[in-house]
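Trainee: Residues 0 to 289 in numbering that gives the first Met the number 0 are what the sequence shown lists, from first letter to last.
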Amino acid sequence: MLTNKNIIPISKYIGAMVLDVDLAKIDEKTFTVISDAFDKYNGLLFREQSLSPEQLVKFSRLFGDLDHAPQMENGQTAVAGFPEIYIVSNILNKNKEPIGSLGAGEAVWHTDMSYLPNPPDISMLYALEIPPVGGDTSLCSMVAAFNTLPDKIKTKVAHLSIKHDGTYNSGGLLRKGLREDNDPMTCAGQPHPIVCAHPRTNQPVLYLGRRRNAYIVGLEREESEGLLDSLWDYATLPENSYTHQWQVGDLLMWDNRATMHRRDPFDSSARRLMQRTQIKGQIAPSAFGA
Ligand code: SIN
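1) Between I278 and L65, which are expected to be in contact by the criterion C-beta below 8 Å, what is the C-beta distance as a whole number of angstroms?
2) Could you tell me the alpha carbon to alpha carbon distance between S183 and R271, rounded to whole angstroms?
3) Hey, out of M112, K4, Q70, whose CA is closest to I98's CA?
4) Could you pull the start and end residues of the beta strand (DSSP E) that I282 belongs to?
5) Quick check on the DSSP output: the alpha helix (DSSP H) that includes W231 runs from which residue to which?
6) Where do the N-terminal and C-terminal ends of the beta strand (DSSP E) with P203 fall, by residue?
7) Quick check: is any heavy atom of ligand 1 less than 6 Å from the C-beta of S169?
8) Which residues does DSSP list as the beta-bridge partners of I6?
9) When we look at the beta-carbon of R262 and count the other beta-carbons within 10 Å, is it buried (16 or more) or exposed?
10) Can you tell me whether V156 is helix, strand or coil according to DSSP?
11) So I86 is in the beta strand (DSSP E); what residue range does that whole segment cover?
12) Hey, how far is the Cα of F145 from the Cα of I6?
13) Between M141 and K93, what straight-line distance do the alpha-carbon atoms span, to the nearest angstrom?
14) My understanding is that H67 touches E83, with C-beta atoms under 8 Å, so please give their C-beta distance in whole angstroms.
15) Taking Cβ positions, are G188 and K162 nearer each other than 7 Å?
16) Let me check you understand the geometry: is the CB of V132 closer than 6 Å to at least one non-hydrogen atom of ligand 1?
17) Beta carbon of L251, beta carbon of L101: below 7 Å?
18) Express the C-alpha separation of N239 and N117 in angstroms, rounding to a whole number.
19) Comparing alpha-carbon positions, which option in K155, V247, T136 lies nearest P264?
20) What residue range does the beta strand (DSSP E) around D249 cover?
21) Suppose the cutoff is 7 Å on Cβ atoms and the five residues either side in sequence are ignored; what does the same chain contact list for T147 look like?
22) Tell me the rounded alpha-carbon separation between R220 and D228.
23) Buried or exposed: which applies to T354, given that a residue is buried once 16 or more other Cβ atoms fall within 10 Å of its Cβ?
24) Just checking T110 against ligand 1 - is the residue's beta carbon closer than 6 Å to any of the ligand's heavy atoms?
25) How big is the Cα-Cα spacing for M16 and N3?
26) Bridge partners for P119 per DSSP, in chain order?
27) Report yes if the C-beta of V87 is less than 6 Å from at least one heavy atom of ligand 1; otherwise report no.
Right, here's the structure in full:
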């Protein structure tokens, strides 16, 4: 039986590894232990899994309704028969077209789809093929990021919002249907409070989304840029994060309401194939103390 003894923290502020569990066979008690650990650590790692697409979708659904995968860079919407699964991959098909998104480049720090009114609550990434080196994924605790801020900055941002740009994905590519716009004041985007209350734990969390084209609503552009740079410097301090070196069969899940993530680049001639699911956002991010 899974107990708290099977939950091993993997860094100071973010993430735990769950030992001795087969995600294809989860009963109610096991789910409760996993769900409690997820609320506590905001990121969980499960190793040596062997999940069919059905099993990945079934496990993901235990946490809530799933989003249909967004349109990928190849113009397709999802994996045939599994509209909830998004492919993150640099692999090319026989026509030399990518079978998934994000290529082999760096994916910069971001929170998934924060340009939406209700961004997804949770993301899961399951590794099917990994390159021999590179392609590591880092998670950063936005609870720790908030706690790291000097009081002066906490007070300054307490009632401010960031407009989250929807123009570019974390690989820097233009999203389908949008036009190039590199002006934070004019680009299409969704405002969210900078300091949000986590809906399950009520802890204050910093909510930054992406740096590119971000704008702090109501400030002069220069002031917005300066304050954003400070927030990002604190948020991405190495002690706030965990870097994961993948093995085939790993499933890493993170709470988008309490984390950001990024990915290292890797050799584009190596193969990396991941399946991602996302649990729908229940509510819009809401201001802490509102
Ligand atoms: C992502 O940014 O969602 C993908 C992360 C990864 O490929 O490791």
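Note that beta-carbon positions come from the ideal geometry of N, C-alpha and C, so glycine has one too.
Mentor: Based on what the coordinates show:
1) 6 Å
2) With the sequence shown as reference, residue 183 is identified as Pro, and Ser is not the correct amino acid for it. Those two C-alpha atoms are separated by around 33 Å.
3) Q70
4) From DSSP, I282 is part of no beta strand (DSSP E); its letter is neither H nor E.
5) 220-234
6) 203-205
7) yes
8) V17
9) buried
10) helix
11) 85-88
12) 25 Å
13) 41 Å
14) 6 Å
15) yes
16) no
17) no
18) 25 Å
19) T136
20) D249 -> no beta strand (DSSP E), and no H or E assigned at all.
21) Y233, L236, N239
22) 12 Å
23) Look at the range of the chain in this structure, 0 to 289, and you will see that residue 354 is not part of it.
24) no
25) 11 Å
26) Paired residue(s): none; P119 is not in a bridge.
27) yes
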